[in-house]
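Using the working numbering, the letters of the sequence shown correspond one by one to residues 215 to 284. To keep things clear, I will list the structure first and then write my remarks on it.
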Amino acid sequence: MFNKFSKDDLVAYSEYPRSTPLGIVKSIEEKKGKAVVMVYVLDTFFEDEIGTIKCVPYHKLDLVAKGVRI
């Protein structure tokens with residue numbers, strides 16, 4: 215169902231394709247009938263959000279790089 219990216223992938227906002235990646239996917243869930251992605255934030259304008267988990271609508275994100283599983 216959700217195959218654009220998966221857990222541990224690096225994602226960025228699709229609205230800003232050449233921007234710094236937003237963060238790493240922790241999980242993909244369905245809330246209130248919509249797909250959302252829980253993202254571990256690596257880059258943001260607000261310093262207090264770095265290192266937190268942020269809920270972002272699935273359709274607003276694009277894959278930057280696949281996560282490597284060791």
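Beta carbons are placed, not taken as given, at the ideal position from N, Cα and C, and that holds for glycine. Note that the coordinates shown come from a computational prediction; the quantities given were computed from them, not determined experimentally.
For a test of the three-state rule: what should DSSP assign to TYR254, helix, strand or coil? In the structure shown, TYR254 sits in a strand (DSSP, three-state: E or B).
Original post:
Is it buried or exposed for PHE259, if we count other Cβ within 10 angstroms and need 16 for buried?
Top reply: Per the 10 Å Cβ criterion, exposed.
Taking just the CA atoms, how far does PRO235 sit from TYR254? Straight-line Cα distance between these residues: approximately 11 Å.
- Query: Taking all protein chains shown into account, do 16 or more other C-beta atoms lie within 10 angstroms of the C-beta of GLY281, making it buried, or fewer, making it exposed?
  - Reply: Under the 10 Å beta carbon count, GLY281 is surrounded by fewer than 16 other beta carbons and is classified as exposed.
Starting from LEU236, follow the beta strand (DSSP E) in both directions and report where the run begins and ends.
No beta strand (DSSP E) holds LEU236; DSSP gives it neither H nor E.
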